[in-house]
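J.: Here it is, the structure, as structure tokens.
There are 2 protein chains.
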Amino acid sequence: MTEKDLRERIKEAAVEHFNKNGYHGTTIRNIAKDVNCSLPMIYYYYKNKKELFDEIIKKEYFKILKKQASLLKIDNIIDFYTKFIYELNSLSNYDKQVYRLGIKVYLSFDGDEELMDHMDEWEKSILPRHRELLKPYTKNVNNEEAIVRTLVHLLETMIVNIVVKDRYLPKDEIREEISIVLQSCADNS
Amino acid sequence: MTEKDLRERIKEAAVEHFNKNGYHGTTIRNIAKDVNCSLPMIYYYYKNKKELFDEIIKKEYFKILKKQASLLKIDNIIDFYTKFIYELNSLSNYDKQVYRLGIKVYLSFDGDEELMDHMDEWEKSILPRHRELLKPYTKNVNNEEAIVRTLVHLLETMIVNIVVKDRYLPKDEIREEISIVLQSCADNS
DNA sequence: TTATAATAATAACGAACGTTAAGTAAAGGA
DNA sequence: TCCTTTACTTAACGTTCGTTATTATTATAA
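Protein chains in written order, with the working numbering: chain A, 1 to 189; chain B, 1001 to 1189.
What follows is the structure in structure tokens.
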């Protein structure tokens, strides 16, 4: 009911609606009804519908990505990646929905080109980051690049399964799959 | 201009619009403008917007999936999966867009629950089908299930890359990644 | 030729959309 | 006390949406 409160509640309801019905399927009226406020209050806190959507992607989504990326404490590389994926399972419902929305924009299923460009920047940093992480373990291997690519591809699918399809992935299944890809260099760890 | 023609042209324009703007972002008026016909002509051939969308998914999308699935002519398993993915690159533009739309529904990014259920049926058949395909090659291996799962996950990402993100995946990159996952049982081939 | 069916367009319907103008209620500082 | 700012509502705006009633044109078959 008080100041900051309502603004936040609007954003949370917006995430839910954008998630369920997409940008065009979401109406300001439905959001207002959900948070039990009048329609113009949304325009009181956000310039318009697009700004509300953009704030969710640009602030909330990237906040989650960066938090995930800062989890770096590696001893065993397979443990690390297993944990990296497994912890997505226990993301809060809100974070999961924001993540889902972000993936939707990333796959150009929603949002606009400007947001897409924003994401491309991030994506370009993914492969090099994992290559760096894996460097100590791939130095005795001749297909380093392919292994990094395969791993990143595998991680992507698991992320989609957990976040987008909202499935629970057991820790040992995650570990098994990562091990299969990294088995050729895991001996060096 | 003649009978069957217009109906088909409407569907093709619809695929493009649903793809670009989602179900709610697509308007009958825009489709009509694209095919250069009057607005009610779309209602002449399709009951309403939803039926137009449903026909694309239920008929066109599954047609593509089934065509893909019938490609079974295996001698070498890695060759087979490489070809299976590689040929997605040369899908026609229309087929690619339909495929993309289907994935969108499959990820519950568009469409409704009824369509989702339709897809779940199909998805349940995927893992067993690949397990069957791989059976001759995994009999001397103790983690058969994990390998099948990993492979299917990897295939999914590659499909998304080609069809959804519209990227070209070179044949040798595809083969490399599949080989990494299947290396433990490829010796038996 | 005439009747019938298929293919098309014009114009409009009510409903819902994003957005805003105008005003109210409460709170805080001068 | 009065004034300004903040938080909020009612009511409406212009537009666009999905959809349809009505009518015109063309093709086919009798």
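Note that beta-carbon positions come from the ideal geometry of N, C-alpha and C, so glycine has one too.
Does DSSP put residue 1047/B in a helix, a strand or coil?
T.: Three-state DSSP puts residue 1047/B in coil, outside helix and strand.
J.: By the 8 Å beta-carbon criterion, what residues does the stretch 1083–1117 of chain B contribute toward chain A?
T.: Those residues of the stretch 1083–1117 of chain B that come within reach of chain A (Cβ to Cβ, closer than 8 Å) are 1104, 1107, 1108, 1109, 1110.
J.: Could you give the uninterrupted runs of the alpha helix (DSSP H) lying entirely in the stretch 1126–1179 of chain B, keeping only those of 4 residues or more?
T.: List check, alpha helix (DSSP H) in window: 1126–1138, 1144–1159.
J.: How about residue 174/A and residue 85/A: are their beta carbons less than 8 Å apart?
T.: In contact: residue 174/A and residue 85/A (Cβ atoms closer than 8 Å).
J.: Express the C-alpha separation of residue 1121/B and residue 170/A in angstroms, rounding to a whole number.
T.: Spanning the two alpha carbons is a distance of roughly 23 Å.
J.: How many angstroms separate the CA atom of residue 149/A from the CA atom of residue 1108/B?
T.: Cα to Cα, the separation comes out at about 27 Å.
J.: Is the Cβ of residue 1138/B closer than 8 Å to any Cβ of chain A?
T.: So no, residue 1138/B is outside the interface.
J.: Let's test the definition: count the other Cβ atoms within 10 Å of the Cβ of residue 1003/B and tell me whether it reaches 16, buried, or not, exposed.
T.: Because the pLDDT of residue 1003/B is 41, which lies under 50, any placement of that residue in the model is unreliable, and the question is left without a value.
J.: Give the straight-line distance between the Cα atoms of residue 1184/B and residue 1080/B, rounded to the nearest whole angstrom.
T.: Answer to the nearest angstrom: the Cα atoms are 17 Å apart.
J.: Taking the C-alpha atoms as reference points, what is the distance between residue 1022/B and residue 136/A?
T.: About 44 Å.
J.: In whole angstroms, give me the CA-to-CA distance for residue 1006/B and residue 1117/B.
T.: Taking the straight line joining both Cα atoms gives about 31 Å.
J.: Taking 8 Å as the threshold, find out whether the stretch 21–38 of chain A comes into contact with the stretch 63–77 of chain A through three or more Cβ pairs.
T.: No, the stretch 21–38 of chain A is not in contact with the stretch 63–77 of chain A.
J.: Measure the beta-carbon distance from residue 103/A to residue 160/A and round it to whole angstroms, keeping in mind my assumption that it falls under 8 Å.
T.: With 8 Å as the limit, residue 103/A and residue 160/A qualify as a contact, their Cβ atoms being about 7 Å apart.
J.: Along the chain, where does the alpha helix (DSSP H) that runs through residue 1120/B open and close?
T.: Taken as a continuous stretch (DSSP letters only), the alpha helix (DSSP H) holding residue 1120/B covers 1113–1124.
J.: Helix, strand or coil, according to DSSP, for residue 36/A in the structure here?
T.: In the structure shown, residue 36/A sits in coil (DSSP, three-state: anything other than H, G, I, E or B).
J.: Can you give the Cα-Cα distance for residue 132/A and residue 123/A, rounded to whole angstroms?
T.: If you take the alpha carbons of residue 132/A and residue 123/A, they lie about 15 Å apart.
J.: Note down, in chain order, every chain A residue with its Cβ under 8 Å from the Cβ of residue 1165/B.
T.: Within 8 Å Cβ-Cβ: 107, 108.
J.: Short of 8 Å in beta carbon distance, which residues of its chain neighbour residue 55/A, apart from the five on each side in sequence? Order them along the chain.
T.: For residue 55/A, where only same-chain residues beyond five positions count, the Cβ hits under 8 Å are 11, 46.
J.: Given this structure, state the Cα-to-Cα distance separating residue 188/A from residue 1156/B, to the nearest angstrom.
T.: In this prediction, residue 188/A has a pLDDT of 48, which is less than 50 and means its spatial position is unreliable; what the coordinates show is noted afterwards. So the alpha carbons of these two residues sit roughly 29 Å apart.
J.: Do residue 146/A and residue 1144/B have their CB atoms nearer than 8 Å?
T.: Going by C-beta atoms, residue 146/A is not nearer than 8 Å to residue 1144/B.
J.: Please go through the same chain and pick out, in chain order, the residues whose beta-carbon is closer than 7 Å to the beta-carbon of residue 1/A, but skip the five residues on each side of it.
T.: Any answer about residue 1/A is weak, because its pLDDT of 39 lies below 50 and its placement is not dependable; what the coordinates show is given next. Nothing listed; no residue qualifies.
J.: Determine, using beta carbons only, whether residue 177/A comes closer than 8 Å to chain B.
T.: Closer than 8 Å: yes.
J.: Give me the Cα-Cα distance between residue 163/A and residue 1153/B, rounded to the nearest whole angstrom.
T.: When rounded, the distance between both Cα atoms is 15 Å.
J.: Could you check where the alpha helix (DSSP H) with residue 110/A kicks off and where it finishes?
T.: Run containing residue 110/A: none; DSSP gives neither H nor E here.
J.: Could you tell me the boundaries of the alpha helix (DSSP H) in which residue 74/A lies?
T.: That residue, residue 74/A, is in no alpha helix (DSSP H); it is neither H nor E in DSSP.
J.: With DSSP run on the structure shown, which of helix, strand or coil describes residue 1091/B?
T.: Coil.
J.: Applying a beta-carbon distance threshold of less than 8 Å, which residues of chain B neighbour residue 7/A?
T.: Under the 8 Å cutoff, chain B gives no residues; its nearest Cβ is about 25 Å from residue 7/A.
J.: Does the CB of residue 1052/B have a neighbour CB from chain A at under 8 Å?
T.: By this cut-off, residue 1052/B is not an interface position.
J.: List the whole-angstrom C-beta distance separating residue 1064/B from residue 1105/B, where the pair is believed to meet the contact cut-off of C-beta under 8 Å.
T.: No, residue 1064/B and residue 1105/B are not in contact; Cβ-Cβ is about 13 Å, not under 8 Å.
J.: For residue 1193/B, which residues in the same chain have their Cβ closer than 8 Å to its Cβ, ignoring the five residues on either side in sequence?
T.: This structure does not reach residue 1193/B, given that chain B is present from 1001 up to 1189, and the question cannot be answered.
J.: Excluding sequence positions up to five away, which residues of its chain have a Cβ less than 7 Å from the Cβ of residue 19/A?
T.: For residue 19/A, where only same-chain residues beyond five positions count, the Cβ hits under 7 Å are 97, 100, 101.
J.: Please report the distance separating the alpha-carbon of residue 1134/B from that of residue 8/A.
T.: Distance between the alpha carbons of residue 1134/B and residue 8/A is about 51 Å.
J.: Name, going along the chain, the residues of the stretch 123–156 of chain A whose beta-carbon falls closer than 8 Å to a beta-carbon of chain B.
T.: Taking 8 Å as the Cβ-Cβ cut-off against chain B, the residues of the stretch 123–156 of chain A that qualify are 143, 146, 147, 149, 150, 153, 154, 156.
J.: Measuring only the C-alpha atoms, how far is residue 129/A from residue 182/A?
T.: When rounded, the distance between both Cα atoms is 16 Å.
J.: Give the interface partners of residue 76/A over in chain B, defined as CB-CB distance under 8 Å, in chain order.
T.: By Cβ distance, chain B contributes nothing, its closest Cβ being about 18 Å from residue 76/A, past 8 Å.
J.: Do you know whose CA, among 151/A, 166/A, 167/A, 168/A, lies nearest residue 78/A's CA?
T.: The shortest C-alpha separation from residue 78/A is found at 151/A.
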